[in-house]
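Novice: Chains as they are written, first to last, in the numbering used here: chain A, 3 to 165; chain B, 9 to 174. All C-beta atoms in this analysis are idealised placements derived from N, C-alpha and C, irrespective of residue type, glycine included. Have a look at this one before I ask anything.
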Amino acid sequence: MGVLENKFQDNVIVASLDKILGWARSTSPWYFQFGLACCAIEMMASAASRHDLERIGMMPRSSPRQADVMIVAGTVTMKMALRVKKLYEQMADPKYVISMGSCATSGGPYWQHGYHVLKGVDLVVPVDVYVPGCPPRPEALIEGLLKLQEKIQTERPLTRKTA
Amino acid sequence: MILAEIKSTILDQYPGSVIENEDLLNHQIEIEGSQWLKVATFMKENPNLSFDQLECITGIDTGDEGSLQSRYNLHSMEHRHKVEIVINHDRKNPKVPSIEQVWRIGDWFERETYDMFGITYEGHRDLRRILCPDDWEGWPLRKDYEGQESYHGIVVPKIKEEEGWE
């Protein structure tokens with residue numbers, strides 16, 4: 003922040019509004035409690051005291067209206083796919099999606115013979131971060147969430163986009 | 009009661025209801041489909057048989073040449089005997105009387121078998137699909153089932169078996 007730097011007292015930070023927004027958004031991405039299969043168990047374990055997602059500002063919400071991140075944790079069936087899409091559309095902007103585990107990413111073990119399984123949740127909603135594993139350990143999920151936080155941080159919501 | 013006694017008890021009441029089939033195992037009885045409802049009621053209410061528990065209903069597709077089957081696993085709490093009822097259906101028009109009002113658990117069992125095999129249980133009061141969505145096409149557990157190409161605009165990628173992963 004060139005000119006303004008060190009012009010104020012020590013407890014004053016000078017930054018662009020974009021950066022502050024990015025910082026605020028990335029450090030409190032509340033996630034949508036949305037377990038579909040066994041990955042949900044790992045997601046719950048991540049949220050529980052041992053791994054404690056609240057350390058990185060993540061809190062489970064049970065309503066899509068209050069959530070910023072949708073963690074698709076588990077097998078998405080065709081029947082569920084329509085509901086996943088609807089829930090995603092109900093979330094308020096800015097919204098992000100994490101595809102957790104093989105099933106949500108590509109259909110996983112149901113890739114070939116699972117007539118009822120959606121072959122990747124990216125066919126119905128845009129995915130920001132894919133977390134591999136079957137199911138991924140909480141460490142892997144947290145890695146994915148930190149990646150997402152990095153991504154949110156680099157966003158510049160107020161900067162006018164030049165065509 | 010051993011199987012032969014169970015069989016003869018049913019035959020005494022309803023002659024012609026049991027079909028002899030040598031391929032069956034020694035805990036199975038094949039029943040003529042059209043008589044199934046009254047045989048089922050009899051099996052539940054007769055004090056010597058007293059099959060008070062329906063453990064499972066499942067369907068079997070025996071392939072192109074064969075037929076569709078419904079199988080019922082019955083158990084008597086009182087006499088502690090078990091039997092498996094086999095009913096063969098015509099592949100083109102599989103239907104059988106519903107026993108949903110004999111054993112109430114049959115309600116969901118029959119809906120499941122209907123969902124997966126398309127066997128119609130006549131007289132069932134609420135015969136809808138139970139697992140697949142209502143607008144699903146085809147009967148998934150039949151041998152000749154082909155998955156649908158798209159569902160509500162979601163394209164289902166077709167993966168051929170021989171192509172595999174390479």
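Where DSSP assigns a beta bridge to M60(A), which residues make up the other side?
Specialist: M60(A) pairs with nothing; no bridge assigned.
Novice: Taking buried to mean at least 16 other C-beta atoms within 10 Å of its own C-beta, is I43(A) buried or exposed?
Specialist: exposed
Novice: Which word fits E174(B), buried or exposed, when buried means at least 16 other C-beta atoms lie within 10 angstroms of its C-beta?
Specialist: Unreliable placement is indicated for E174(B), whose pLDDT of 49 sits below 50; the coordinate value is still reported in the next sentence. By the 10 Å Cβ count, E174(B) comes out exposed.
Novice: By the DSSP assignment, the alpha helix (DSSP H) with C105(A) in it spans what residues?
Specialist: 103-108
Novice: Using 8 Å for Cβ pairs, my map puts V86(A) next to D130(A). What's the rounded Cβ distance?
Specialist: Not confirmed; about 15 Å, so no contact.
Novice: I believe I65(B) touches Q77(B) by the beta-carbon criterion, under 8 Å. Please report the beta-carbon distance rounded to the nearest angstrom.
Specialist: Between Q77(B) and I65(B) the Cβ distance is about 11 Å, and since that is not below 8 Å, they are no contact.
Novice: For M72(A) versus M93(A), is the C-beta distance shorter than 8 Å?
Specialist: yes
Novice: Just curious, the beta strand (DSSP E) that S30(A) is in, first and last residue?
Specialist: Going by DSSP, S30(A) is part of no beta strand (DSSP E) at all; its letter is neither H nor E.
Novice: Can you tell me which of N34(B), N54(B), E118(B), Q36(B) puts its alpha carbon nearest to the alpha carbon of T17(B)?
Specialist: Among N34(B), N54(B), E118(B), Q36(B), the Cα nearest to that of T17(B) belongs to N54(B).
Novice: H132(B) versus chain A: which residues are under 8 Å apart at the beta carbon?
Specialist: Under the 8 Å cutoff, chain A gives no residues; its nearest Cβ is about 22 Å from H132(B).
Novice: Can you tell me which of the three DSSP states W10(B) falls into?
Specialist: Residue identity check: residue 10(B) is Ile in the sequence provided, not Trp. In this structure, I10(B) counts as coil in the three-state DSSP scheme.
Novice: What does a CB cutoff of less than 6 Å around H132(B) pick up in its chain, not counting 5 residues either side in sequence?
Specialist: S106, E108, E118
Novice: Using only the alpha-carbon positions, how far apart do F125(B) and I144(A) sit?
Specialist: 43 Å
Novice: Could you give the distance in angstroms between the alpha-carbon of P102(B) and the alpha-carbon of T128(B)?
Specialist: Between P102(B) and T128(B), the C-alpha separation is close to 6 Å.
Novice: Name, in chain order, the residues that DSSP records as bridge partners for K90(B).
Specialist: H83(B)
Novice: Determine contact between the stretch 112-119 of chain A and the stretch 141-155 of chain A, defined as no fewer than three beta-carbon pairs at a distance below 8 Å.
Specialist: no
Novice: For T29(A), which residues in the same chain have their Cβ closer than 6 Å to its Cβ, ignoring the five residues on either side in sequence?
Specialist: G59
Novice: Run down chain B in chain order and give the residues with a C-beta less than 7 Å from the C-beta of V126(A).
Specialist: I162
Novice: How close, in whole Å, do the beta carbons of H53(A) and P140(A) come, if the pair is a contact with beta carbons under 8 Å?
Specialist: 4 Å
Novice: Report the residue from M102(A), S48(A), S18(A), R67(A) whose alpha carbon sits nearest the alpha carbon of G76(A).
Specialist: M102(A)
Novice: When DSSP labels each residue in this structure, what does W90(A) get in the three-state scheme?
Specialist: This sequence places Tyr at residue 90(A); Trp is not what is there. Reduced to three states, the DSSP call for Y90(A) is helix.
Novice: Check whether the Cβ of G23(B) lies closer than 8 Å to any Cβ atom in chain A.
Specialist: The sequence given here has Pro at residue 23(B), not Gly. By the rule that beta-carbons nearer than 8 Å mark a contact, P23(B) does not touch chain A.
Novice: Leaving out five residues before and five after E7(A) in sequence, what residues of the same chain have Cβ atoms less than 7 Å from its Cβ?
Specialist: V16
Novice: Against chain B, does H118(A) count as a neighbour if the rule is that its beta carbon must be under 8 Å from one of theirs?
Specialist: yes
Novice: For a quick check, are the C-beta atoms of L139(B) and Y122(B) less than 8 Å apart?
Specialist: no
Novice: Does any CB atom of chain A fall closer than 8 Å to the CB of E174(B)?
Specialist: Bear in mind that a pLDDT of 49 at E174(B), under 50, signals an unreliable position, so the model cannot answer this.
Novice: Of the choices R67(A), S48(A), G24(A), C40(A), whose alpha-carbon is the least far from that of F34(A)?
Specialist: R67(A)
Novice: Three-state secondary structure (DSSP) at E154(B)?
Specialist: coil
Novice: Cβ closer than 8 Å: which chain A residues qualify as neighbours of G155(B)?
Specialist: Y117
Novice: What number of angstroms, rounded off, separates the C-alpha of M61(A) from the C-alpha of N13(A)?
Specialist: 28 Å
Novice: Which two residues bound the contiguous beta strand (DSSP E) that contains P137(A)?
Specialist: It is not in any beta strand (DSSP E) - P137(A) carries neither H nor E in the DSSP assignment.
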